[in-house]
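Residue numbers (my numbering): 165 to 665.
We treat Cβ as the ideally placed atom computed from N, Cα and C, and that holds for glycine.
Written out as structure tokens, the structure is:
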């Protein structure tokens, strides 16, 4: 019979001597002359070429013993005793992972600063701290069902059932952008709850955008209208997008402007790393908002059709009016929502409403700000000519003004001490625990590798920056900045100081 192109004789009852090829080695010859009772099982690791790596289930046969001899390094031969004949080969391929899953190395490092903000709430309490969580909800389409839900439907047979002729957006960018700002109430014990008033601002996705300047406009309006009460310490939690992360210059400028507008003692902005965005407190309010949109179709042509037969805009002003009306309808829907006993305040924002703050003075930023990869701290100074006196006892809790850098502590023979960053980087995937703010504040333990720097970088334990950490240290003042762009902006401060003597 034939097996993969090779002719194999049927098994015989008598033993047969196997005559190996002349090129085979003594080891192969001794194996083939051995007496066995079961088929030889040969496992082949097929990773010789690109095609085999792409298809790990591919199987190849060997016609000659010399072929097996040349590939002996990739063969695993299992010998079983008791078989007197040579039968068909049993070949099992060994599967290999083509691409390893990319691990998110900075998750716990970024989370450590968020945990520090929760500790700050416990230190100062609800009368001194305001906690806001911000994120953009998924864009809401126009002209089709805003959200879908699988649920049983009970109907009478006399009803006429109508379905929409299409389930796609009527035209390009016919969507609305809801920006959600959630106040997280701090209770009397200092713990941060995930409940509080929700504020939503809706913009047109075609005529407007969502960036740092639109967020700045929204937050300023919340305080101007006194919908949110000002407190001397403000904490903000966002995702790491470019319009939200404070390491980018536009977001930094808006944070500095808000700090000076509200005359805060401290402003802390924490960012969630990739993989932790779902734990943003405001995300818990997205599901109820989506549920309220089930079965709702927002009108795209309330004042008339602004599109031609091919879906192109023929009347721009009419299009803007239709988008504004759709945003008003969506606002009316969400205004009726109550989440955990707290109201939802929703408002449609006209096109072009944004606030672009002035570029902050590099000298002022150098004196009042501490930037890192996933956080921003802005704290008052003690100069009366620059800042007003502190309203809280911030300096008693943090004499050095800023929150200390995150660090991993471990139990040693000498007690609870900081782990060296190099040891942590060798096994980042292992869930090492970052020390609480209270522990770091009490022990003040610094790893030996951190003592090499005159000013310890805040990102000392950030694994993604371990090779770039030295590039962010200023050679004049030894202060750390999280990027080359931030370093360039910081160097302008030295230039200005030099000009003014």
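Integer Cβ distance of residue i from residue j, believed to fall under 8 Å
i           : j           : result
residue 537 : residue 629 : 6 Å
residue 278 : residue 401 : 6 Å
residue 464 : residue 486 : 6 Å
residue 152 : residue 366 : With the chain covering 165 to 665 only, the question about residue 152 has no answer from this structure.
residue 638 : residue 654 : 6 Å
residue 573 : residue 273 : Between residue 273 and residue 573 the Cβ distance is about 14 Å, and since that is not below 8 Å, they are no contact.
residue 285 : residue 356 : 5 Å
residue 642 : residue 618 : 4 Å
residue 523 : residue 417 : 6 Å
residue 627 : residue 269 : 4 Å
residue 409 : residue 435 : 5 Å
Check: residue i C-beta below 7 Å from any heavy atom of the ligand MN
i           : result
residue 485 : Looking at this structure, you won't find the ligand MN or any other ligand, since it has none at all.
Residue i burial status per 10 Å Cβ neighbour count (16 or more: buried)
i           : result
residue 515 : exposed
residue 438 : exposed
residue 622 : buried
residue 533 : buried
residue 449 : buried
residue 553 : exposed
residue 445 : buried
residue 588 : buried
residue 575 : exposed
residue 440 : buried
residue 580 : exposed
residue 407 : buried
residue 567 : buried
residue 606 : exposed
residue 404 : buried
residue 544 : buried
residue 297 : buried
residue 604 : buried
residue 539 : buried
residue 505 : exposed
residue 652 : exposed
residue 443 : exposed
residue 495 : buried
residue 753 : With the chain represented from 165 up to 665, any question about residue 753 goes unanswered, as that position is not in the structure.
Residues bridged to residue i (per DSSP)
i           : result
residue 398 : 294, 431
residue 581 : 574
residue 299 : 344
residue 436 : 403
residue 471 : 477
residue 305 : 339
residue 538 : BP columns for residue 538 are empty, so no partner.
residue 362 : 346, 508
residue 644 : 637
residue 495 : Partner(s): none; residue 495 has no beta bridge.
residue 545 : Answer by DSSP bridge pairing: none, since residue 545 is not bridged.
residue 503 : 506
residue 356 : 350
residue 666 : Absent from the model: residue 666. The displayed extent of the chain is 165 to 665, so no value can be given.
residue 367 : 341
Own chain residues within Cβ distance below 7 Å of residue i, not counting five before or after
i           : result
residue 584 : 611, 612, 613
residue 301 : 342, 344, 450, 453
residue 470 : 477, 478, 479, 482, 483, 486
residue 303 : 339, 340, 341, 369
residue 498 : 364, 453, 456, 508, 510
residue 519 : 377, 380, 381, 384
residue 646 : 411, 535, 536, 537, 623, 636
residue 152 : In the structure as shown, the chain starts at 165 and stops at 665, and residue 152 therefore has no counterpart that could be examined.
residue 556 : 288, 292, 396, 397, 429
residue 615 : none
residue 620 : 569, 610, 614
residue 394 : 387, 426
residue 525 : none
residue 361 : 347, 506, 507, 509
Sequence-distant residues of its chain with Cβ nearer than 6 Å to residue i (five each side left out)
i           : result
residue 414 : 376
residue 399 : 281, 295, 432
residue 283 : 601
residue 466 : 486, 489
residue 354 : 285, 286, 289
Within-8 Å CB hit, residue i to chain E
i           : result
residue 586 : Reference to chain E is not applicable here, since this structure consists of a single protein chain.
Close beta carbons around residue i, own chain, < 8 Å, minus the five adjacent residues each side
i           : result
residue 374 : 300, 341, 343, 367, 407
residue 634 : none
residue 649 : 413
Please list the segments of the alpha helix (DSSP H) lying wholly inside the stretch 584-638, counting only runs of 4 or more residues, in order along the chain. 585-590, 601-607
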